[in-house]
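What follows is a short report on a single structure.
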Amino acid sequence: MANLTKLAALAGLAMTAAPALAQETGFFDDFDTLDTKRWYVSDGWNNGAHQNCDWSADQVSASGGMLHVGFAPQPKGDRQFRCGELQTRTAFGYGTYEARFKTPAGSGLNAAFFTYIGPQQNKPHDEIDFEVLLRDTSKVDTTTFVNGKSGDGKVGSGQSVPLPHDSASDFITYAFTWEPERIRFYIDGKLVRTMEDPKTIPTNPQRVFFSLWGSDTLTDWMGAFSAVAAPIAMDVDWVAFTPLGQTCAFDGSILCQQGNK
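So for the sequence shown, numbering that gives the first Met the number 0 puts the first residue at 0; every next one is plus one.
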């Protein structure tokens, strides 16, 4: 089901991607402000009948040195809830992707940090995911998609990884290093999963996304939806991309740790 959350990227949004083998400029964003030259905020649509909220620009903001990606009990369009999503305007290739964030909790909700490219940009659907299904904030789902299918050929399959603590109680750093021959996932600097089957390794440059959304229908995956009484948000402390071949670009990067250079 992971791919269902990414289908609303605007087809007309300019793409400044190079081949995945190219070495793009890295970035580190600590969200002192929301840089709209870097980020595009989704607004005014949803990704289909499974989603019980419309993307709304008022659910994405930066304050107090944090990015806030929200979900609110306020109607928009034909949906009873508003939700937040943003994506980079540039697609990036091989390298290390890292973000430190804290989630809310609540059944039927999905808080995600991921990369994605697809038909909206005239590209195959490639994707690399961290998804915290908020019905159980003690774990995170890791998934990849290559040309619209996950590694075992079943859309939405993946692997759950235990978190060091409840993601709603404190911040956790999530990272993956994407190379031509493998993807390595890290939680708070600890290697938790390695994927080496070529069928599971995307090859197309992808944009970086954050999103928080809900569903009334995907109950087997996300749990029965429990309506929120007040706005909630996923709080992102920082996000970074370091191109493959570069090391230790900022304090706190997994690339600064012994064995991850």
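Backbone N, C-alpha and C fix where the C-beta goes; we use that ideal spot for every residue, glycine too. In this text, all values refer to a predicted model and were calculated from it rather than measured experimentally.
With the rule of 3 Cβ pairs closer than 8 angstroms, the stretch 25-42 counts as touching the stretch 81-88. Assignment of Gln119 by DSSP, reduced to helix, strand and coil, places it in the helix class. For Leu133, the three-state secondary structure derived from DSSP is coil. Pairwise C-beta distances place the stretch 117-125 in contact with the stretch 196-204, as three or more of them are shorter than 8 angstroms.
Boundaries of the alpha helix (DSSP H) harbouring Trp220: Thr218 to Met221, taken from the DSSP string.
Where Thr143 is concerned, the enclosing beta strand (DSSP E) starts and stops at Lys138 to Val145. In this structure, Thr136 places its C-beta atom within 9 angstroms of the C-beta atom of Ala167.
Here the alpha carbons of His164 and Gln256 stand approximately 21 angstroms from one another.
Proximity to Glu195 across Ser210, Tyr185, Asn109 and Glu178 peaks at Glu178, based on C-alpha coordinates. Contact annotation: the stretch 182-196 does not touch the stretch 49-67, with fewer than three C-beta pairs closer than 8 angstroms. Cα atoms of Ala110 and Tyr173: separation of roughly 13 angstroms, rounded to the nearest angstrom. In the assembly as shown, Thr32 is an exposed residue. Its beta-carbon has fewer than 16 other beta-carbons within 10 Å. A distance below 7 angstroms between beta-carbons, with the five flanking residues on each side excluded, links Asn51 to the following residues of its chain, in chain order: Arg78, Gln79, Phe80, Gly213, Ser214, Asp215 and Phe224.
Ranked by Cα distance from Ala226, the options Asp57, Gly105, Gly47 and Gly83 are led by Gly105. Assigned with DSSP and collapsed to three states, Leu254 falls in helix. Counting along the chain, Val160 sits inside the beta strand (DSSP E) bounded by residues Gln158 to Pro161.
With respect to the 9 angstroms criterion, Ile253 and Thr176 are classified as neighbours on the basis of their beta carbons. Taking a 10 Å sphere around the C-beta of Lys75, we find 16 or more other C-beta atoms and assign the residue as buried.
One thing to note: Glu84 has its Cβ within 9 angstroms of the Cβ of Phe208. Check the Cα spacing between Thr95 and each of Asp250, Phe240 and Val59: the tightest is with Phe240. Gly213 has Leu108 as its beta-bridge partners, per DSSP. Rounded to whole angstroms, Gly107 and Leu217 show a C-alpha spacing of 8 angstroms.
According to DSSP, Pro242 shares a beta bridge with Gly94.
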